[in-house]
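Read left to right, the sequence shown gives residues 3 to 230 (the working numbering). The beta-carbon is built from N, C-alpha and C at its ideal position, and this holds for glycine as well. Here the structure is a predicted model, which means the values were calculated and not measured.
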Amino acid sequence: MFNRYSTVFVVIVALSLLLGLTCCTNDSYKTGDSDLSYLHADFVVARTATAQQVVEAVNDDGELLSFDEPYECKWATEANNTYRALLYYTFNKLEDKAPHAVSLINVPVLTPKPLAEGEPVGNDPVGFESMWLSKAQPYLNLSILLKTGTADGLDSKQIVGIVKNHVEDNTDGTQTHHMSFYHRQNGVPEYYTTRLYVSIPTADYHSGDTVVLTIYTYIGVVERRIVL
3 MFNRYSTVFV VIVALSLLLG LTCCTNDSYK TGDSDLSYLH ADFVVARTAT AQQVVEAVND
63 DGELLSFDEP YECKWATEAN NTYRALLYYT FNKLEDKAPH AVSLINVPVL TPKPLAEGEP
123 VGNDPVGFES MWLSKAQPYL NLSILLKTGT ADGLDSKQIV GIVKNHVEDN TDGTQTHHMS
183 FYHRQNGVPE YYTTRLYVSI PTADYHSGDT VVLTIYTYIG VVERRIVL
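Structure below.
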């Protein structure tokens with residue numbers, strides 16, 4: 003039996019729903035030249051104090067951002083838990099004020115796993131933008147472009163994940179981990195392009211190990227290699 007959650011993460015079909023379900027915004031944010039001048043965007047690990055109340059975040063440079071007020075985020079449903087996210091916030095280091103959260107976008111964390119027996123192959127094409135390592139967080143990050151849209155009577159969802167293919171033992175004691183990006187369009191129309199950030203946890207790997215990631219794109223098969 004195919005257990006999609008063993009390997010993959012379900013992505014909402016419609017562009018509008020994708021943005022609405024994964025992004026929280028702070029209605030108290032006031033625009034203006036001063037505020038906009040100090041708007042920052044960081045990938046973070048955000049922490050809740052109570053359900054849907056985010057109080058602080060640690061960015062990928064290792065800096066702790068304690069917010070001036072709890073930030074309500076409906077998708078952060080568990081108290082005293084951490085979530086991977088893209089944070090937009092205002093902060094002026096010259097002023098004695100805490101960072102103010104403006105928006106928090108969920109970043110799926112995809113743990114590489116072998117393709118389950120009987121699981122459909124997921125090599126529908128995507129757009130590939132970039133791959134990079136977080137400086138002070140145990141994550142390998144991807145920027146992926148998905149084509150999406152809506153159609154009457156259609157309730158399909160795209161499916162993405164990371165498949166663990168095989169591991170090579172190198173002569174220097176390190177390992178090379180071969181993976182592939184899993185994507186099933188699943189019948190979703192391809193009317194619009196939307197960007198999806200995902201993070202792959204690297205805490206279980208060793209310094210000096212290499213990740214080789216294969217991505218099936220609209221322009222052909224792309225292979226990216228990065229040393230941890």
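Is residue j closer than 8 Å to residue i when the C-beta atoms are compared?
| i | j | result |
| --- | --- | --- |
| Pro101 | Tyr218 | no |
| Tyr184 | Gly163 | yes |
| Pro116 | Val165 | yes |
| Tyr90 | Ala51 | no |
| Tyr153 | Pro191 | Checking the sequence shown, residue 153 turns out to be Ala, not Tyr. Yes. |
| Glu58 | Leu66 | yes |
| Leu230 | Thr196 | no |
| Gly124 | Thr176 | no |
| Lys99 | Asp70 | yes |
Assuming residue i contacts residue j under a Cβ cut-off of 8 Å, what Cβ separation, rounded to an integer in Å, is found between them?
| i | j | result |
| --- | --- | --- |
| Trp77 | Asn108 | 5 Å |
| Val46 | Ala87 | 6 Å |
| Asp62 | Ser136 | 4 Å |
| Thr84 | Ala48 | 7 Å |
| Thr92 | Tyr40 | 5 Å |
Applying the criterion that 16 or more other CB atoms from any shown protein chain within 10 Å of the CB defines a buried residue, is residue i buried or exposed?
| i | result |
| --- | --- |
| Tyr193 | exposed |
| His208 | exposed |
| Pro304 | Missing from the structure shown is residue 304; the chain here goes from 3 to 230 and no further. |
| His179 | buried |
| Val213 | buried |
| Ile221 | exposed |
| Arg186 | buried |
| Val56 | buried |
| Ser201 | buried |
| Leu215 | buried |
| Thr150 | buried |
Let me check understanding here. Comparing Cα to Cα, which of the options lies closest to residue i?
| i | options | result |
| --- | --- | --- |
| Ser145 | Asp154, Thr212, Leu198 and Asn172 | Leu198 |
| Ser68 | Ser132, Cys75, Tyr85 and Ala103 | Ala103 |
| Val224 | Gln160, Asn167 and Gly129 | Gly129 |
| Ala118 | Arg227, Asn143, Asn167 and Phe93 | Asn167 |
| Ser158 | Thr173, Asp174, Thr216 and Gly189 | Gly189 |
| Val60 | Ile161, Leu106, Asn94 and Ile228 | Leu106 |
| Ala236 | Ile161, Pro72, Val111 and Glu170 | Outside the shown range of the chain (3 to 230) lies residue 236, about which nothing can therefore be said. |
Identify whether residue i lies in helix, strand or coil by the three-state DSSP scheme.
| i | result |
| --- | --- |
| Val229 | strand |
| Ala81 | coil |
| Val162 | strand |
| Gln177 | strand |
| Leu106 | strand |
| Val190 | coil |
| Thr113 | coil |
| Val57 | strand |
| Asn94 | coil |
| Ser209 | coil |
| Lys76 | coil |
| Ser145 | strand |
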